[in-house]
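Colleague:
In the numbering used here, the protein residues as written are 6 to 281.
(1) Along the chain, which unbroken stretches of the beta strand (DSSP E) at least 3 residues long are found entirely within the region 149 to 204?
(2) Using CA atoms only, rank isn't needed, just tell me which of 186, 130 and 204 is closest to residue 141.
(3) Quick check on DSSP: helix, strand or coil for residue 128?
(4) Can you tell me where the alpha helix (DSSP H) holding residue 134 begins and where it ends?
(5) In the DSSP assignment, what residue or residues form a beta bridge with residue 99?
(6) Assuming residue 218 and residue 46 make a contact with CB atoms under 8 Å, what is their CB distance in whole Å?
(7) Between the region 174 to 190 and the region 227 to 243, do at least 3 Cβ pairs fall closer than 8 Å?
(8) Go ahead and label residue 148 buried or exposed: buried means 16 or more other beta carbons lie within 10 angstroms of its beta carbon, across all protein chains shown.
(9) Let's test the definition: count the other Cβ atoms within 10 Å of the Cβ of residue 20 and tell me whether it reaches 16, buried, or not, exposed.
(10) So residue 18 and residue 152 are supposed to be a Cβ contact under 8 Å. How far apart are they, rounded?
(11) Starting from residue 143 and walking both ways along the alpha helix (DSSP H), at which residues does that stretch end?
(12) By Cβ distance, which residues of its chain are closer than 6 Å to residue 191, with the 5 residues on each side in sequence left out?
(13) My understanding is that residue 88 touches residue 121, with C-beta atoms under 8 Å, so please give their C-beta distance in whole angstroms.
(14) Where residue 155 and residue 243 are concerned, what is the direct C-alpha to C-alpha distance, given to the nearest angstrom?
(15) Evaluate residue 208 with the Cβ neighbour count: other Cβ atoms within 10 Å of its Cβ, from every protein chain shown; 16 or more gives buried, anything less gives exposed.
(16) Are at least three pairs of beta-carbons, each pair with one atom in the region 20 to 32 and one in the region 110 to 117, less than 8 Å apart?
(17) Output the distance between the C-alpha atoms of residue 5 and residue 95, rounded to the nearest integer angstrom.
(18) Out of 216, 104 and 165, which has the shortest C-alpha to C-alpha gap to residue 77?
(19) In the structure shown, what three-state DSSP assignment does residue 227 receive?
(20) Under three-state DSSP, which class holds residue 254?
(21) Which residue's Cα is closest to the Cα of residue 215: 165, 48, 223 and 172?
(22) DSSP three-state call for residue 34: helix, strand or coil?
(23) Tell me, please, which residues DSSP counts as bridged to residue 40.
(24) When you compare only the Cα positions, how much space is there between residue 210 and residue 143?
(25) Buried or exposed for residue 58, please, with buried defined as at least 16 other CB atoms from any protein chain shown within 10 angstroms of its CB.
(26) Would you identify the three-state DSSP class for residue 78, choosing helix, strand or coil?
(27) Name the one or two DSSP bridge partners that residue 11 has.
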């Protein structure tokens, strides 16, 4: 509470700092995570096809990508149940899970118990996210708590529709029925139905993906994030006024205070002592 400014990486995060931590609203700023959009929107030629070959995925497969550490907050069990339900209507659905963590053994057991070996690939930790996104048709996130997930920004930049749970800051990112679909946390039926709807309608996938990319460019660019931090510094040094603008969000669950990027945490720490 001694800092001059605290940065929340989304409206839900900033509001949680105000409501739960008792911080004055005037000292909390909203600056969204930013990513290098160009690197994600223009992957190397043939990158997607190469990933599909690596994981034995055909051109006819409907590839759902989930990028998240294997942790209970990411609720991979709900994602697996959704794929189990969807495969009856869409036998070619394939879930590629990127990430590693403490829940890997449990996830592997569920895959065996539900006989999902043909439908789920565990990719482990990867650095070639742009290539993985190029191989996918849809991005999925089944978390029970989030901030402003970078994985969703990356998917939007790669022109992918997103199916996700409406927790934390995710409703600030995904406009239901426009850039993707939202479901309640733990609702595998809704997640499965949304995935099937996107599978049945390639034109809808394309339209949502294009809209997602435009929103990413407007709201989540790396340059935009840097510029906003510069504005905060200038305001603190008395060069220009700046007012807090909390985005309007729907009903969400979870404080979502854990998902700001490392760069944002470092800069927020710098800001905390800038004008003491």
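Beta carbons: idealized from backbone N, C-alpha and C, even for Gly.
Modeller: Quick answer:
(1) 167 to 170 and 185 to 188
(2) By one-based count along the chain shown, residue 141 stands at place 136. If we check each option's Cα against that of residue 141, 204 comes out closest.
(3) Working through the chain shown from its first residue, we reach residue 128 at position 123. Correct three-state label for residue 128: strand.
(4) Residue mapping note: residue 134 aligns to position 129 of the chain shown, counting from 1. Here the alpha helix (DSSP H) through residue 134 covers 134 to 140.
(5) Taking the first residue of the chain shown as position 1, residue 99 is located at position 94. 68.
(6) Working through the chain shown from its first residue, we reach residue 218 at position 213. Working through the chain shown from its first residue, we reach residue 46 at position 41. Confirmed, about 6 Å.
(7) Judged by Cβ distances under 8 Å, the region 174 to 190 makes no contact with the region 227 to 243, as fewer than three pairs qualify.
(8) Translated into the one-based positions of the chain shown, residue 148 becomes position 143. Its Cβ being crowded by 16 or more others within 10 Å, residue 148 is buried.
(9) As a first step, residue 20 is located in the chain shown; it is residue number 15 there, counting from the start. Answer is buried; the Cβ neighbour count reaches 16.
(10) Indexing the chain shown from 1 puts residue 18 at position 13. Indexing the chain shown from 1 puts residue 152 at position 147. Residue 18 to residue 152, Cβ: 5 Å. Contact.
(11) By one-based count along the chain shown, residue 143 stands at place 138. Unbroken run through residue 143 is the beta strand (DSSP E), 143 to 146; no alpha helix (DSSP H).
(12) Mapped onto the chain shown, residue 191 falls at position 186. Hits under 6 Å: 83.
(13) As a first step, residue 88 must be located in the chain shown, where it is residue number 83. As a first step, residue 121 must be located in the chain shown, where it is residue number 116. Indeed they touch by this definition, with Cβ atoms about 6 Å apart.
(14) As a first step, residue 155 must be located in the chain shown, where it is residue number 150. As a first step, residue 243 must be located in the chain shown, where it is residue number 238. The straight-line gap from Cα to Cα measures roughly 32 Å.
(15) Residue numbering aside, residue 208 sits at position 203 when the chain shown is read from its first letter. When all chains shown are included, residue 208 counts as exposed.
(16) no
(17) Lying outside 6 to 281, the shown extent of the chain, residue 5 is not represented and no answer is given.
(18) For the purposes of this step, residue 77 is taken as the residue at position 72 of the chain shown. For the residues 216, 104 and 165, the minimum Cα distance to residue 77 belongs to 104.
(19) Here residue 227 refers to the residue found at position 222 of the chain shown. Helix at residue 227.
(20) Along the chain shown, read from residue 1 onward, the residue named residue 254 stands at position 249. Interpretation of residue 254 is limited by its pLDDT of 46, a score under 50 that renders its predicted location unreliable; the figure taken from the coordinates is listed afterwards. Residue state, collapsed to three classes: coil.
(21) As a first step, residue 215 must be located in the chain shown, where it is residue number 210. If you compare the alpha carbons of 165, 48, 223 and 172 with that of residue 215, the shortest gap goes to 165.
(22) Locating residue 34 in the chain shown gives position 29, where the first residue counts as 1. Here residue 34 sits in strand by DSSP.
(23) Looking up residue 40 in the chain shown gives position 35. Residue 40 is bridged to 226.
(24) As a working mapping, residue 210 is identified with position 205 in the chain shown. As a working mapping, residue 143 is identified with position 138 in the chain shown. About 8 Å.
(25) Within the chain shown, residue 58 is the residue found at index 53, counting from 1. With fewer than 16 Cβ atoms within 10 Å of its Cβ, residue 58 is classed as exposed.
(26) The residue you call residue 78 lines up with position 73 of the chain shown. In the structure shown, residue 78 sits in a helix (DSSP, three-state: H, G or I).
(27) Taking the chain shown and counting its residues from 1, one reaches residue 11 at position 6. Residue 11 is bridged to 33.
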